[in-house]
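Heads up, the sequence shown is in this note's numbering, so the first residue is 77 and it goes up one at a time.
Backbone N, C-alpha and C fix where the C-beta goes; we use that ideal spot for every residue, glycine too.
Scroll down for the structure; my scribbles are underneath it.
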Amino acid sequence: KKQRKVLDLLKFAKRGQVRSQLWVVKVIGQLYADKAVADAAADAQGQGRSGIAEFIMKWHMNRYGLRHMATEALSDLLASTCHYAAAGSRPAYWFAHFCNIAAAIPRSQQQQQQQEEKEDDQDGDLLPGQQPDLAPPPAAEGDPQQ
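Structural data, given as structure tokens:
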């Protein structure tokens, strides 16, 4: 049997150049529209749908014709997607997640620090295997709330 090669889009995302946000959003929209048409055609023929990574590569090959041009455009799209996802673009953020390249989205130093602080706060001063005490602190003597 011929094994299907899983495309690793992360390698493309790391070597592309960032293009305009408008270009990225338009390409993502066109990809979604063309993927919906391809899925509908596959369903009508009783065939399985292609994965998003495979579809994106074939889409670029059909659009650009030459492998090196398709690879360059795909790299630019994915690098730009990660760049704009980090800047807060929702279409770019969700596209990165659908393509499984969210790990390539650069995080700002502030975001990394906030994540580390959040993880530190969750750890607390517990020993391994110890459960947190969620009961409220005991009331002090003479406290009117007793």
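{"Query": "Between Lys111 and the rest of its own chain, which residues show a CB-CB distance below 6 Å, the 5 nearest in sequence each way excluded?", "Result": "Phe131"}
{"Query": "Confirm, please, whether the CB-CB distance from Tyr169 to Ala180 is below 8 Å.", "Result": "no"}
{"Query": "When you compare only the Cα positions, how much space is there between Arg95 and Ala178?", "Result": "18 Å"}
{"Query": "Buried or exposed for Asp119, please, with buried defined as at least 16 other CB atoms from any protein chain shown within 10 angstroms of its CB.", "Result": "exposed"}
{"Query": "Alpha carbon to alpha carbon, how far is Val101 from Asn138? Give it in angstroms, no decimals.", "Result": "19 Å"}
{"Query": "On a CA-only basis, which of Met133, Cys175, Ala163, Phe171 is nearest Ala149? Give me that one, please.", "Result": "Met133"}
{"Query": "For a test of the three-state rule: what should DSSP assign to Leu153, helix, strand or coil?", "Result": "helix"}
{"Query": "Given a cut-off of 8 Å on the beta-carbon distance, is the pair Leu153 and Val103 in contact?", "Result": "yes"}
{"Query": "According to DSSP, is Val94 helix, strand or coil?", "Result": "coil"}
{"Query": "Around the C-beta of Gly122, are 16 or more other C-beta atoms found within 10 angstroms, so that it is buried, or is it exposed?", "Result": "exposed"}
{"Query": "Just verifying my parser: in three-state terms, what is the DSSP assignment at Arg166?", "Result": "helix"}
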